[in-house]
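Below is one structure; the comments refer to it alone.
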Amino acid sequence: MASRPRTLYEKIWDAHTVETRDDGTALIYIDRHLVHEVTSPQAFEALKVAGRPVRRPELTLAVPDHNLPTTPRLDSTGKPVPIADPESAAQLAALEVNAPAFGIRYIPATAKEQGIVHVVGPEQGFSLPGTTIVCGDSHTACHGGLGALAFGIGTSEVEHVLATQTLLLQQSKPMEVRVEGDLGPGVSAKDLILHIIGRIGAAGGSGYVIEYRGRVFEQMTIEERLTVCNMSIEAGARAGLIAPDDVTFAYLKGRPMAPQGDEWDAAVAYWRTLHTDDGAVFAKSVTINAADVEPSVTWGTSPEDVVPIGGCVPHPEEFADESKRVAAQKSLDYMGLVPGTPMTEVRIENVFIGSCTNSRIEDLRAAAAVLKGRRKADNVRWAIVVPGSGLVKAQAEEEGLDKIFTEAGFEWREPGCSACLGMNPDKVPPGERCASTSNRNFVGRQGPGARTHLVSPAMAAAAAVTGRLADVRALG
Amino acid sequence: MQPLTRVEGRAIPLGLKNVDTDIIIPAKWLKTISREGLGAGAFEVLRAEPGNVFDDPAYKGAPILIAGDNYGCGSSREHAAWAMLDLGIRVVIAPSFSDIHSGNAVKNGILPVVLPQEAVDRLLEVAREGLEITVDLEQQTVTTPYQDRFTFKIDPFRRHCLLNGLDEVGLTMARGEAIGAFEASRTAVQPWLMRGTAI
C-alpha cells in the first residue's frame, strides 16, 4: 500500500499513537522518561496521594543535576559531603527516596555515570533514535540530535507519564530549517544554532517541531547535533530533530542501555527508515546559508538577541515592531550596554563552560584547544569548566584537558547544571558579565542581576584569554 | 483542578513580550517540594521595580493578565503556573504562548487566551483604565464595558478539561486497556524499545 510521504516527525508521531480522540487529541506512548530532582517531587507526591503506581518503571531513569554543588562530593575520607543549602538537600533527598520507592533506576550524585540528564541519556544509550523522550526540563529537545522526538514537559505531565507511560498531546506542525553549504573555519554548531534563533526569533518555532536538514548536519558529530537540537526550545519549537544515520549508530553501538546482538541489528534496520520521505510537506520552511554564519554572541536578554562577533550592540530604534523596541531598551538597561558598542569591546568578568548545551567531551576539547599555553586575562575573576557527566570528566582527564584548563586559570568542577540556571551555589554576581556556553541569557538566569552573553566553547575560551568578548578566529 | 467557565475582573496590563518562566518565577523558588506559596516569588524581578503593575493597587488581585508575544517561553517549570495561580491569575491574554507553558497553565485551571496583537493592545488600554474585562470560555469571547467583543479559538480538549476541571491522569488511566494492547504489540515486534534501564 502506497502511503502519503511523511516527515520524520510524522513517522515518529504515527508510530507512537495509541489512539486519537474525536477532538483530535492523541494519546502518545512515551518510550523514555528522564527525571531530575526539581520538577519531580510534586509528581511523586501526587502518585502517593492517589495510590497510583509507576506503570513502566524501567522506562524512566532518574539522576540529580540542577541543585548539586559542583564542588567535590566526597571528603578526604571518602564520605559524601553534605549539601549546605537545606532546601536543595531536601529536594535531592526526595529524589533519592522517591526513585527506588517507585522502582526507578537512580544514578546517585557520587556515581561516575552521574551528570546532566541530557548528557547522561545519550551517553548511557537510554536515548535512542525514533523514540519519544520526555523530561521535566525544556532542554529535552537536545535528544533530537539522535533522531528522537524529545521534548520538555511540566510536572503534571511528569505525573501523567509516570502513571500511564503516555501523554495527551496535540500534534505540532512540521517545520524545516534547511542549511545550505558548509560552515566556515572557526564556526561551530553553537554559532549556527544561535544564528538560526536570531533569524527566526524566540517564537519562530512556536507550534512546530523543527527538523534540521542539509549537509552541515550530516557532517556533524553527535555532540554537535545535540547542541543544535538542545536550543530548539530557544526558538520556541517543541522539539528539534536530525535524522539518524551511520554517525548516530556508531555513537550508540555498545552503550550500556542500547540494544545488543540481534536486537541491535533489528533496531538499526528500523532506524534506517527514519527519515523524511521525498515529497513530504513541511508547514514552514526556512533556508539558511551556512556561509553567512559567523561566530555568534548574544547582546540582550532573549536568545533571539544575536549578533555576529564582528557586530555592534544594536540601537533599539533599529527594530521594526514597537514591542521589540521596548524589550530591546529594557534588555540594554539590564545588560548595561550602550548601542553602537562593538561586541569585541565588551569586557567580561566571568566565564562558564558547561550546561546541557555544551559540556560534552568535544566541547571541552574545543575550549582546551584555544586555552592551551594561554591564561585567562586578569579582569576575568571567575572561570569554571563543568563537565556534563562523570564519564565526560574522566575522559577529559585522561586526555589531560583538566591540566590545560587549570593552567589557564579555570576551576575544574564536578558534573551538574552549575551556573546555567542560578539554582545551586554557582552564580554570576549582580552586575557582572559572563561569557557562557549555556542556553539562556534571561534576566537573572545565572543569578540575580547577572549579565549573560551566550557563546560557543571556543568563543568562551577566547573571551577568557582576552578578558572581552572576542573572535576566536583572530586568536590564531 | 478548579473548573473555569467565566472570569470577570480587572486585568494586569503587563504587555511585555517574551516573558520567560524565569521572570514568572526565578530558579531560587524552585527548590520547594510543594506546589503552594509560590505567589511570593511570582514576577519577583519585575516587582522590584517601583511603580510596577503587579503591586499597583489598581490591579492588586486582578484575575486576568495581559502580556505580549511568546508568553511563558523558556523553562518548562510548572512552578510558573503554580505561582500565577497563587497570585489569583486565572486567565492570561497574549498574542502567542510557549507550547509548554500554555499546557502547564491549562492543567492548573488557568486559561491562555490567544488574540491578535491589535485586540491585545485594545484590551491593554481598557485594563489601564482600571475597567473590568469578561472572559467567557463557553462562548469563547473576551468583552469590555465599551462593547468590544473578541472571539478566541481554543483546542476543544483543553476547553473540555477547563470547563469541567478534569484530571487528565484519571482520564488516561481509564484507557489502560488500549495502552496495554499498544505495549503488547510493541513488545512482540520491537522488544528492545521496551527494555529501557532493564537491559
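Chains as they are written, first to last, in this note's numbering: chain Z, 1 to 476; chain P, 1001 to 1199.
Backbone N, C-alpha and C fix where the C-beta goes; we use that ideal spot for every residue, glycine too.
When C-beta atoms of the region 143-161 of chain Z are compared with those of the region 192-208 of chain Z, fewer than three pairs fall below 8 Å, so the two segments do not count as touching. By the Cβ test, the region 1102-1115 of chain P is in contact with the region 1153-1171 of chain P, since at least three Cβ pairs between them sit closer than 8 Å. Excluding sequence positions up to five before and after P/I1100, its CB lies within less than 6 Å of the CB of S1076, all in the same chain and listed in chain order. Inter-residue distance for Z/E317 and Z/G336 is about 17 Å (C-alpha atoms, whole angstroms). By the Cβ neighbour-count rule, P/E1078 is buried, with 16 or more other Cβ atoms within 10 Å of its own. In the structure shown, the three-state DSSP call for Z/R468 is strand. If you check the CB distance, Z/I116 and Z/G388 come in under 7 Å.
P/G1130 and P/P1063 do not touch by the CB rule: their CB atoms are close to 14 Å apart, not below 8 Å. Near chain P, meaning a CB-to-CB distance below 8 Å, the residues of the region 442-460 of chain Z are F442, V443, G444, R445 and P448. Straight through space, the alpha carbons of Z/E294 and Z/V228 are spaced by roughly 15 Å. Nearest in C-alpha terms to P/A1040, of all of P/W1029, P/E1049 and P/I1033, is P/W1029. What Z/E263 touches in chain P, judged by beta-carbon distance under 8 Å, is P1191 and W1192, going in chain order. In the structure shown, Z/D85 falls within a coil segment according to DSSP collapsed to helix, strand and coil.
Using a Cβ-Cβ cut-off of 9 Å, P/S1096 is close to A203, S206, G207 and G236 of chain Z, given in chain order. Close partners of Z/N67 in chain P (Cβ separation under 8 Å): K1031.
Among the CB atoms of chain P, one or more fall inside 7 Å of the CB of Z/T25.
Here DSSP, grouped into helix, strand and coil, assigns Z/A202 to coil.
Within 10 angstroms of the beta-carbon of Z/P82 lie fewer than 16 other beta-carbons, which makes it exposed. The criterion of a C-beta distance shorter than 7 Å is not satisfied by P/T1144 and P/V1120.
Within the region 261-301 of chain Z, the beta strand (DSSP E) runs of at least 3 residues that lie entirely inside it are, in chain order, 284-289 and 296-298. For Z/P108, the nearest beta carbon of chain P is not closer than 7 Å to its own beta carbon. Between P/K1017 and P/G1068, the gap from beta carbon to beta carbon is short of 7 Å. When the Cα atoms are used, P/K1060 and Z/L128 turn out to be separated by approximately 49 Å. Checking the DSSP bridge columns, you'll see Z/M175 partnered with Z/I210 and Z/K284. At a cut-off of 7 Å between C-beta atoms, P/K1017 counts as an interface residue with respect to chain Z. A Cβ-Cβ distance of about 15 Å is found for the pair P/I1012 and P/V1045, leaving them out of contact under the 8 Å criterion. The beta-carbon of P/P1013 is placed no less than 7 Å from the nearest beta-carbon of chain Z.
P/C1073 has a beta carbon lying within less than 7 Å of a beta carbon in chain Z.
DSSP places Z/I153 outside both helix and strand once states are collapsed to three, so it counts as coil.
Taking one beta carbon from each stretch, the region 88-96 of chain Z and the region 218-228 of chain Z have fewer than 3 pairs nearer than 8 Å; the two do not touch. Taken atom to atom, the span from the alpha-carbon of P/R1195 to that of P/M1173 is near 22 Å.
The continuous beta strand (DSSP E) containing Z/T452 extends over residues R451 to L454. Within the same chain, and ignoring the five residues on either side of P/P1026 in sequence, the residues whose Cβ sits closer than 6 Å to its Cβ are E1044. P/V1120: member of the alpha helix (DSSP H) spanning Q1117 to R1128, first to last residue. Close partners of P/A1198 in chain Z (Cβ separation under 7 Å): E58. For Z/P259, the closest Cβ of chain P is nearer than 7 Å.
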